[in-house]
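Protein chains in written order, with our numbering: chain F, 1 to 422; chain Z, 1001 to 1095.
Note that the Cβ used here is the ideal one computed from N, Cα and C, for glycine as well.
Nothing here was measured: the structure is a model prediction, and the numbers come from that model.
Taking it in order: structure first as structure tokens, then the write-up.
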Amino acid sequence: MQPKRSSRYSALSLARHAFSGAPWPRAWRSAEPKPSYDVVIIGGGGHGLATAFYLAVNHGITNVAVLERTYIGSGNVGRNTTIVRSNYVLDGNTQFFDHSLRLWEGLSHSLNFNVMLSQRGQIVLGHSPLQLDVLARKGNIMRLNGIDAELLDRKQVMDLLPYLDYSSETRFPIWGGLLQRRAGTARHDAVAWGYARAADAHGVDIIDQCEVKGILVQGGRVSGVETSRGRILAGRVGISVAGHSSHVAAMAGLRLPIESHLLQAFVSEPIKPFLDHVLSFGAEFFYISQSDKGGLVFGGHIDGFNSYTQRGQFPKVQSVAESAVALMPSISRLRLLRHWAGIQDMTPDGSPFICRTPIRNLYLNAGWCYQGFKATPAAGWCFAHTIARDEEHALNRCYSLDRFERGLELDEDGVGNWTYKQ
Amino acid sequence: MLRIACPLCGERDYTEFRYGGDADKRRPLHGTADLKAWDDYVFVFDNPKGPHREFWQHVVGCRQWLILERDTATNAVGVCELARALANAREDSRR
Chain F
1 MQPKRSSRYS
11 ALSLARHAFS
21 GAPWPRAWRS
31 AEPKPSYDVV
41 IIGGGGHGLA
51 TAFYLAVNHG
61 ITNVAVLERT
71 YIGSGNVGRN
81 TTIVRSNYVL
91 DGNTQFFDHS
101 LRLWEGLSHS
111 LNFNVMLSQR
121 GQIVLGHSPL
131 QLDVLARKGN
141 IMRLNGIDAE
151 LLDRKQVMDL
161 LPYLDYSSET
171 RFPIWGGLLQ
181 RRAGTARHDA
191 VAWGYARAAD
201 AHGVDIIDQC
211 EVKGILVQGG
221 RVSGVETSRG
231 RILAGRVGIS
241 VAGHSSHVAA
251 MAGLRLPIES
261 HLLQAFVSEP
271 IKPFLDHVLS
281 FGAEFFYISQ
291 SDKGGLVFGG
301 HIDGFNSYTQ
311 RGQFPKVQSV
321 AESAVALMPS
331 ISRLRLLRHW
341 AGIQDMTPDG
351 SPFICRTPIR
361 NLYLNAGWCY
371 QGFKATPAAG
381 WCFAHTIARD
391 EEHALNRCYS
401 LDRFERGLEL
411 DEDGVGNWTY
421 KQ
Chain Z
1001 MLRIACPLCG
1011 ERDYTEFRYG
1021 GDADKRRPLH
1031 GTADLKAWDD
1041 YVFVFDNPKG
1051 PHREFWQHVV
1061 GCRQWLILER
1071 DTATNAVGVC
1081 ELARALANAR
1091 EDSRR
């Protein structure tokens, strides 16, 4: 018999459980696969679960299965640096990522699950007058799109972040920065669990330990999937498996503008509250924040060659640590508690795909590069729209699969899979 | 640490090398008018999870371009050879 599904979480239910001592019921059912569904989502990560949730809530489609190869929260949604922000420059990205941030702002209420959104503000540092001009332009573009941005001079940065290296010897002097106060962090596991629980409450089947082995295509149209738990027929199929997108899309005979690369992230031993914001170094690709448990959470660039190993190379550990200490010499003696490498879809222009594919009723959400976590709500929202309506929403029209051949690249930062060509 | 056995210099850390991408891609001939062929060459990748043949340049060693066999699922390396032989063979096949 299935354990009883959890009721609505509230202060009252918290108090009741505290007094009764009874174990909390499971947050979602362990569903058995049915022979067929209206929509099958491949990939039970944050994006796949969010897609199922918005299919149910926004489009009334509840005969949906989310298939996960291992367990919910085992992929990149459970292993990232948890930053959310919307400080983008290019049309398309700007609107999409601010839509995402606005969804983040109401997410705990939408899901009845505390995703612990902490809008502590993100500061991108500028290390030369020219870089400050670039940040001013970025801030102006954000403000013209109704997004908050504040340009900070050196004095203001010193007041906010007194622990940075402001000495005359520093290789990259700090001239100022760009602050987005609405940016911050969220609890990544809670995002996966919250979306899973909320989608399940709307009738979505979340099926873990179910690996997709093949995609059934007949006459240019998808009809279902072969899995380790048998054949599942589907009216529509969405692929949302970042890291393994090429691998799964190949089952349908598709080749993608994606390479799989390793991105490492690091957590230090916990220390007392020290870093109040999310901070991005302007001289190197480096970003850092402090978790609620006290660990400094930080990351850098990809390792630089395609790999599915989930094992990072040591030279990248060293260069990221060098960035950390260049910025904040006081943390030089902190020890790393853990570090890991996730497999990341890298696209040639650093932007994702949320789109239809050349195969009818097969849809793709992939290519998230460094930005998958912050995009989770909007990616699910837009992917659900694309699947339900069989057409892209205005917010994700720019993320089409054929944008390269049409000359419509969306190259925000020059951080695609071309690291080796720089 | 990924180690690459350069045929001229011996086995070295991968940091001495620059990665150059999939070696099995064929650049369309100059003058090819079919833009689809160029799109495919520049932007689309097989990106296999398993055996992969790829270019590396030994930038702080002999500066030769190499072709390395590597399994992308394990990073286990196989044969590493000079890319020149392959380039010459491709040139011949185009004449």
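Item	Value
Could you tell me whether any Cβ in chain F is nearer than 9 Å to the Cβ of Leu1066(Z)?	no
With distances taken from CA atoms, which of Ala379(F), Gly45(F), Ala22(F), Ala52(F) is nearest Arg236(F)?	Ala52(F)
Assign Asp345(F) to one of two classes, buried (16 or more other C-beta atoms within 10 Å of its C-beta) or exposed (fewer than that).	buried
Would you mind stating whether Asp411(F) and Gly350(F) have Cβ atoms separated by less than 9 Å?	yes
Please state the DSSP three-state secondary structure of Asp402(F).	coil
I'd like the list of long-range same chain contacts for Ala1083(Z), defined as Cβ closer than 8 Å, with 5 residues on each side in sequence excluded.	Ala1023, Phe1055, Gln1064, Trp1065, Leu1066, Ile1067
Reducing DSSP to helix, strand and coil, say where Lys272(F) ends up.	coil
Would you say Tyr363(F) lies against chain Z (beta-carbon separation less than 9 Å)?	no
Which residues, in order along the stretch 1024-1036 of chain Z, keep a beta-carbon less than 7 Å from a beta-carbon of chain F?	Leu1035, Lys1036
Would you tell me roughly how many angstroms separate the C-alpha atoms of Phe305(F) and Tyr1019(Z), rounded to the nearest one?	6 Å
At the level of alpha carbons, what is the spacing between Ile174(F) and Pro129(F)?	10 Å
CB Ala50(F) to CB Thr376(F), shorter than 9 Å?	yes
Have a look at Ile141(F), Gly224(F), Glu269(F) and flag the residue whose alpha-carbon is nearest the alpha-carbon of Tyr37(F).	Gly224(F)
Under DSSP, the alpha helix (DSSP H) around Gly372(F) begins and ends at which residues?	372-389
So which residues of chain Z does Leu161(F) contact, with C-beta pairs closer than 9 Å?	By Cβ distance, chain Z contributes nothing, its closest Cβ being about 32 Å from Leu161(F), past 9 Å.
Give a yes or no on whether the minimum CB-CB distance between Ser323(F) and chain Z is below 9 Å.	no
Short of 6 Å in beta carbon distance, which residues of its chain neighbour Gly48(F), apart from the five on each side in sequence? Order them along the chain.	Ile41, Val66, Ser240
Return the chain-ordered list of same chain residues with a C-beta closer than 6 Å to the C-beta of Arg1070(Z), the five sequence neighbours on each side being excluded.	His1052, Val1077
To which residues of the same chain is Met428(F) closer than 7 Å at the C-beta, ignoring the five residues directly before and after it?	Nothing can be reported for residue 428(F): it is not among the residues displayed for chain F, which extend from 1 to 422.
Could you give the first and the last residue of the continuous alpha helix (DSSP H) run that contains Glu150(F)?	First-last for Glu150(F): 150-153, but that is the beta strand (DSSP E), not the alpha helix (DSSP H).
In this structure, does DSSP put His109(F) in helix, strand or coil?	helix
Mark Met1001(Z) as exposed unless 16 or more other C-beta atoms lie within 10 angstroms of its C-beta, in which case mark it buried.	exposed
Could you check the C-alpha separation between Met142(F) and Ile207(F) for me, to the nearest Å?	40 Å
Label Phe19(F) either buried or exposed according to how many other C-beta atoms from any shown protein chain fall within 10 Å of its C-beta, with 16 as the threshold for buried.	exposed
Under 9 Å Cβ-Cβ, which residues of chain A neighbour Asp1046(Z)?	Protein chains F and Z are contained in the structure displayed, whereas chain A is not.
Chain F beta carbons: is any one of them nearer than 9 Å to that of Tyr1019(Z)?	yes
DSSP beta-bridge partners for Trp1065(Z)?	Gln1057(Z)
So, with DSSP's three-state summary, where would you put Val1051(Z)?	According to the sequence displayed, residue 1051(Z) carries Pro and not Val. It is a strand residue.
Using the Cα positions of His17(F) and Leu90(F), report the straight-line distance between them to the nearest angstrom.	48 Å
Under 7 Å Cβ-Cβ, which residues of chain Z neighbour Phe305(F)?	Tyr1019
Could you please give the first and the last residue of the uninterrupted alpha helix (DSSP H) stretch that includes Glu1081(Z)?	Glu1081(Z) -> not in any alpha helix (DSSP H); beta strand (DSSP E) instead, spanning 1077-1082.
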